[in-house]
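There are 2 protein chains.
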Amino acid sequence: MTVQFLSAAIKVHPKKMSKSSDAVYRTIRESILSGEFAPGTRLKEAELVELCGCSRTPVREALRILAAEDYLTIIPNQGAEVKTWSSDEIDDLFQLRALLEGHAAAQAASRISLSQLETIQKANTLMSEILIQPALLDANIEEFLRLNQIIHNTIWEAAGSERLILMLTRLIEQAVVVKTARQFSRARLTQSHHHHIEIYAALKSGSPSWAEAITRSHIYAAKEALSTIATVKNRDDSLR
Amino acid sequence: MTVQFLSAAIKVHPKKMSKSSDAVYRTIRESILSGEFAPGTRLKEAELVELCGCSRTPVREALRILAAEDYLTIIPNQGAEVKTWSSDEIDDLFQLRALLEGHAAAQAASRISLSQLETIQKANTLMSEILIQPALLDANIEEFLRLNQIIHNTIWEAAGSERLILMLTRLIEQAVVVKTARQFSRARLTQSHHHHIEIYAALKSGSPSWAEAITRSHIYAAKEALSTIATVKNRDDSLR
DNA sequence: CATCCGAATATTGTATACAATGACTGGGCG
DNA sequence: CGCCCAGTCATTGTATACAATATTCGGATG
């Protein structure tokens with residue numbers, strides 16, 4: 001079975017910079033998000049020039065912007081490093097994410113449109129199909145993550161605040177969530193799915209408080225799951 | 241009477257870029273915040289070069305960063321404009337500010353140190369001295385605003401989240417608040433002062449809910465006061 | 001007279017050259 | 001042997017030159 005509906009709902013950064021500069025920005029950003037440039041990696045302009053095939057000028061502009069967006073740390077006269085996140089900072093990120101996503105859900109509960117509700121419901125249905133069989137899940141992890149993103153993005157849209165979307169996007173991209181979500185257990189993904197169903201119910205019933213409460217739970221549970229993975233992983237590492 | 245205690249509490253952006261670039265960044269940013277570069281103003285690189293006395297390279301870097309921080313809008317191949325804010329967007333800003341400052345106050349209530357409490361109390365005392373006499377107030381508006389900033393910054397510090405501070409800083413700088421705060425009525429400033437006193441009480445008693453509630457009120461009231469000024473001002477303008 | 005086209009001009013985008021700063025290495029000295 | 005200093009190399013910061021793209025303005029045409 002192939003699952004390929006709802007393809008339009010994810011809005012990528014509509015940023016526009018001039019051709020070359022934009023390409024460099026995207027390239028570096030992707031490399032950071034995918035983990036190819038690990039946290040702490042020193043990025044030398046010369047290497048990036050080689051990678052992107054243009055001169056240092058657009059590379060430098062991209063680096064400055066990425067630093068302003070907190071993907072990088074730039075030390076004057078010493079260059080750029082991919083930002084590292086302490087566990088305290090990640091806690092902080094999740095705390096704020098719970099606050100902001102909760103707020104978004106509350107706002108969405110009063111404003112969401114029928115078609116947006118439908119989008120979420122459809123995503124939920126597809127998710128449950130994927131979750132039914134272990135084999136299907138393994139083959140469709142990426143699809144599962146995409147559906148997750150669609151659900152959240154739709155809620156943000158419904159909340160109707162551009163700025164809120166911006167803040168949330170950055171919070172989430174910077175937290176290492178995406179990179180590690182593929183390791184979540186089936187049980188964890190099922191829990192997440194159940195949250196989504198309840199969030200849908202809360203939105204449909206137009207109850208801001210309910211939507212906010214369950215959304216916050218959803219985030220806190222995700223944080224817990226993530227820290228569990230991190231712990232296990234570190235334990236593995238230390239055994240080698 | 242001169243009021244000049246508490247001078248250390250305001251932390252300016254500790255940003256570091258290389259000498260020239262940093263200077264340009266600060267210059268342009270200041271010009272925007274002070275209103276010298278009004279919203280909608282087109283900023284040509286050539287002019288900024290002349291203003292800052294360096295070449296286009298650092299100017300361009302500063303512009304890109306300011307755009308990433310949402311002070312400017314850059315249209316590719318067409319240059320930079322100082323960002324304009326619709327009333328809807330400003331409403332949105334205040335909504336988010338209430339959420340985040342409320343959260344900060346709640347966090348601060350459980351974590352604030354004695355010396356931080358003392359700082360707030362001292363600022364409150366100085367504020368009330370300024371408010372006692374109309375003449376004093378007129379002469380010390382700037383000082384009043386500085387004390388206000390000290391109180392809020394101290395609470396943010398106490399909340400203990402760097403990222404929260406960053407978000408709030410940008411939200412507030414971008415809202416036109418500072419530019420128009422000088423026009424607030426004495427009654428309005430007194431109300432604000434009373435809020436500060438109650439916030440202090442809530443923090444001292446270690447009550448997160450109380451601190452959050454009164455802080456949110458504080459922001460909503462500020463928003464209301466601001467929109468009143470804007471309305472009156474527009475009415476004046478239309479009479480000319 | 002209005003409109004459309006195009007050349008001239010202004011402005012931004014990119015590449016390169018040069019300057020300045022920091023890191024690294026090797027030799028001299030205690 | 002270790003430390004320090006100086007000189008060299010690597011890397012980033014700035015200025016300038018050139019390319020690409022937008023804007024403006026004048027003239028031709030309906």
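Chains as they are written, first to last, in the working numbering: chain A, 1 to 240; chain B, 241 to 480.
In this text, a Cβ means the ideal position worked out from N, Cα and C, and glycines have one as well.
All figures in this text were calculated on a predicted structure; none of them were measured in a lab.
So with Cβ pairs under 7 Å, would you call residue i a contact of chain B?
i	result
R163(A)	yes
A68(A)	yes
R64(A)	yes
H152(A)	no
M127(A)	no
D138(A)	no
L99(A)	yes
S18(A)	yes
D91(A)	no
S227(A)	no
Over the uninterrupted alpha helix (DSSP H) stretch that includes residue i, give me the two end residues.
i	result
A348(B)	327-351
T169(A)	162-174
T119(A)	114-132
E397(B)	381-399
E61(A)	56-68
Going by Cα to Cα distance, which pick from the options is closest to residue i?
i	options	result
V289(B)	R300(B), T281(B), Q389(B)	R300(B)
G160(A)	I32(A), A104(A), K223(A)	A104(A)
R163(A)	Q318(B), G446(B), S326(B), S274(B)	S326(B)
E321(B)	I272(B), W450(B), I330(B), L443(B)	I272(B)
N317(B)	G446(B), R282(B), I370(B)	R282(B)
A213(A)	G102(A), G79(A), R186(A), F184(A)	G102(A)
I437(B)	L406(B), V264(B), G275(B), M367(B)	M367(B)
G53(A)	Q191(A), L63(A), A23(A)	A23(A)
S467(B)	D328(B), N380(B), M407(B)	D328(B)
N124(A)	E143(A), D138(A), T27(A), I151(A)	I151(A)
P298(B)	K259(B), I315(B), L336(B)	K259(B)
L117(A)	Y71(A), N153(A), S21(A)	N153(A)
I395(B)	I352(B), H434(B), M257(B)	I352(B)
S350(B)	G446(B), E413(B), M257(B), I315(B)	G446(B)
I381(B)	A302(B), F424(B), L336(B)	F424(B)
K122(A)	L137(A), Y25(A), D138(A), N148(A)	N148(A)
K204(A)	L166(A), L168(A), R182(A), L114(A)	L114(A)
Q335(B)	R386(B), T430(B), L377(B), I412(B)	I412(B)
M17(A)	K463(B), I315(B), M257(B)	I315(B)
G79(A)	T27(A), E47(A), D138(A)	E47(A)
R146(A)	M167(A), R182(A), Q191(A)	R182(A)
F384(B)	T430(B), L406(B), I405(B)	T430(B)
I132(A)	Y25(A), R186(A), S34(A), G35(A)	R186(A)
In terms of residues, what are the limits of the beta strand (DSSP E) holding residue i?
i	result
E321(B)	319-322
T313(B)	312-315
Counting only C-beta atoms, is residue i closer than 7 Å to chain A at any point?
i	result
T242(B)	Residue placement at T242(B) is poorly supported in this model, since its pLDDT is 42, which falls under 50; the coordinates are not used for a value here.
L387(B)	no
H433(B)	no
H458(B)	no
E301(B)	yes
S327(B)	no
P316(B)	yes
H436(B)	no
With a Cβ-Cβ cutoff of 7 Å, do residue i and residue j count as a contact?
i	j	result
R29(A)	E45(A)	no
W210(A)	A221(A)	no
R170(A)	A98(A)	no
A68(A)	I370(B)	no
R278(B)	A348(B)	First, the residue type needs correcting, since residue 278(B) is Ala and not Arg in the sequence shown. No, the pair does not count as a contact, with Cβ atoms beyond the cut-off.
L333(B)	A415(B)	yes
R428(B)	A465(B)	yes
Y200(A)	I120(A)	yes
T313(B)	G280(B)	no
A302(B)	P448(B)	no
H246(A)	H194(A)	It is not possible to answer for residue 246(A), since the shown part of chain A is limited to 1 through 240.
With a threshold of 6 Å (Cβ to nearest heavy atom), would residue i be considered close to the ligand FAD?
i	result
L51(A)	You won't find the ligand FAD in this model; it holds no ligand whatsoever.
Start-end ranges of the alpha helix (DSSP H) lying completely within the region 418-449 of chain B, minimum 4 residues: 426-444
If you scan the region 20-52 of chain A from start to end, which runs of the beta strand (DSSP E) of 3 or more residues do you find wholly inside it? Qualifying beta strand (DSSP E) stretches: none in this window.
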